[in-house]
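To start, the structure under review is shown below, and the notes come after it.
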Ligand SMILES: Nc1ncnc2c1ncn2[C@@H]1O[C@H](COP(=O)(O)OP(=O)(O)OP(=O)(O)O)[C@@H](O)[C@H]1O
Ligand SMILES: [Mg+2]
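Residue numbers (this note's numbering): 65 to 363.
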């Protein structure tokens, strides 16, 4: 639950003015660059106003997500990752800057942006798995009746839960509940799937399996995902592109390509992991000169 409100007018950002935002390396050369980015986050500062404080969660964050990107935002706890995702979801308004999806300014939540949260209790407990997945399809008027059920079953099958379609959430494990939440998000076939540390609370083995399943799903469907994590290995494994945010207030430190798919255990990945770690925890943003040398081509 959110206790604060965001500040919708421009105001001074304490302690952030002296720092310089590191320029994200641009992706030159490929054809998609010629077109519009799917998601365009431009100079976004988000502040929370509590009774006694003005908290700057993110400061002038900019990035672009292209169609089919597995775009991962990584940064330490409290750097504003969830805040940023909620703003893309349309739940929070930036203090300055703007966020556009397919060129349209985001001002409110919409079925074109579905969110999967970290918590296991995001399902409606009085509804079965199938009913949970069908629910947003019906309430948004996307599909009704048989068509809604068919679409829901299609995605339930994709997350390997066909046998549990008529089960209630309390009878499922944490990992299974997350798969239902993913199926529910994907069934809406949103322009972009927003995932806020969806695997963070899972045991290591389940987490690895869920990561593999997500990548398999991506191979099949090629959806666009904006994924938030504070795990560097998870970012390298899942991401095609990785945005590094500095500690609170979150500012862009670098934007880099990950290693090619399936090479998350390579020496190259280990080196990238060290590089990301050094960049994230370097004192000064200016002391992060290796962003471009981390440009390892391939998704
Ligand atoms: N509703 C709120 N009211 C006031 N301050 C908030 C609120 N939500 C977040 N913040 C503050 O904004 C900053 C960013 O929080 P946010 O939850 O976005 O970080 P995060 O990067 O997602 O962290 P974590 O990795 O721990 O999930 C923090 O300093 C936090 O205390
Ligand atoms: Mg968070």
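Just so it is clear, CB atoms sit at the ideal spot from N, CA and C, and this is done for glycine as well. Bear in mind that the values here come from a model prediction, so they are computed numbers and not experimental data.
If you ignore the 5 residues before and after residue 212, its C-beta comes within less than 8 Å of the C-beta of 198, 201, 202, 206, all in its own chain and listed in chain order. For residue 175, same chain residues with a beta-carbon under 8 Å away, outside a window of 5 residues either side, are 200, 204, 206, 252, 254 in chain order.
The region 178–193 and the region 252–272 touch, with no fewer than 3 CB-CB distances between them shorter than 8 Å. In the same chain as residue 243, and ignoring 5 residues on each side of it, the C-beta atoms closer than 8 Å to its own belong to 223, 224, 225, 274, 277, in chain order. In the displayed model, residue 238 falls within a helix according to three-state DSSP. DSSP places residue 191 outside both helix and strand once states are collapsed to three, so it counts as coil. With a 10 Å radius around the Cβ and a threshold of 16 neighbouring Cβ atoms, residue 312 comes out buried. Leaving aside the five residues that flank residue 237 on each side, the residues in its chain whose CB is nearer than 8 Å to its CB run, in chain order, 270. Taking residue 188 as the centre and dropping the five residues before and after it, the same chain places the C-beta of 195, 196, 199, 233 closer than 8 Å to its C-beta, in chain order. In this structure residue 292 touches residue 145 by the C-beta definition: roughly 4 Å separates them, less than 8 Å.
For ligand 2, a non-hydrogen atom lies closer than 7 Å to the CB of residue 261.
Looking from the CA of residue 345, the closest CA among 128, 140, 135, 136 belongs to 140.
In this structure, the beta-carbon distance from residue 284 to residue 127 does not fall below 8 Å. Relative to ligand 1, the nearest heavy atom lies less than 7 Å away from the CB of residue 146.
At a threshold of 7 Å, residue 294 counts as near ligand 1, since its beta carbon sits closer than that to one of the ligand's heavy atoms.
In this structure, DSSP gives residue 134 an extended state, which the three-state scheme calls strand. For secondary structure counted as the beta strand (DSSP E) over 3 or more consecutive residues, the region 263–348 holds these complete runs in sequence order: 289–293, 305–309, 316–321.
Collapsing the DSSP output to three states places residue 159 in coil. A Cβ-Cβ distance of about 6 Å is found for the pair residue 257 and residue 287, placing them in contact under the 8 Å criterion. Straight-line spacing of the CA atoms in residue 342 and residue 135 works out to 20 Å.
Listed as beta-bridge partners of residue 105 by DSSP are 127, 163. Across the set 113, 111, 116, 133, the C-alpha of 133 shows the shortest separation from the C-alpha of residue 307.
Residue environment analysis places residue 215 among the buried positions, since at least 16 neighbouring C-beta atoms fall within 10 angstroms of its C-beta. Setting aside the 5 residues that flank it on each side, residue 333 is surrounded in the same chain by 300, 323, 327, each with a C-beta closer than 7 Å to its C-beta; the list follows chain order.
An exposed status is given to residue 330, since fewer than 16 other beta-carbon atoms sit within 10 Å of its beta-carbon.
If you draw a 10 Å sphere on the C-beta of residue 165, you find 16 or more other C-beta atoms in it, and that means buried.
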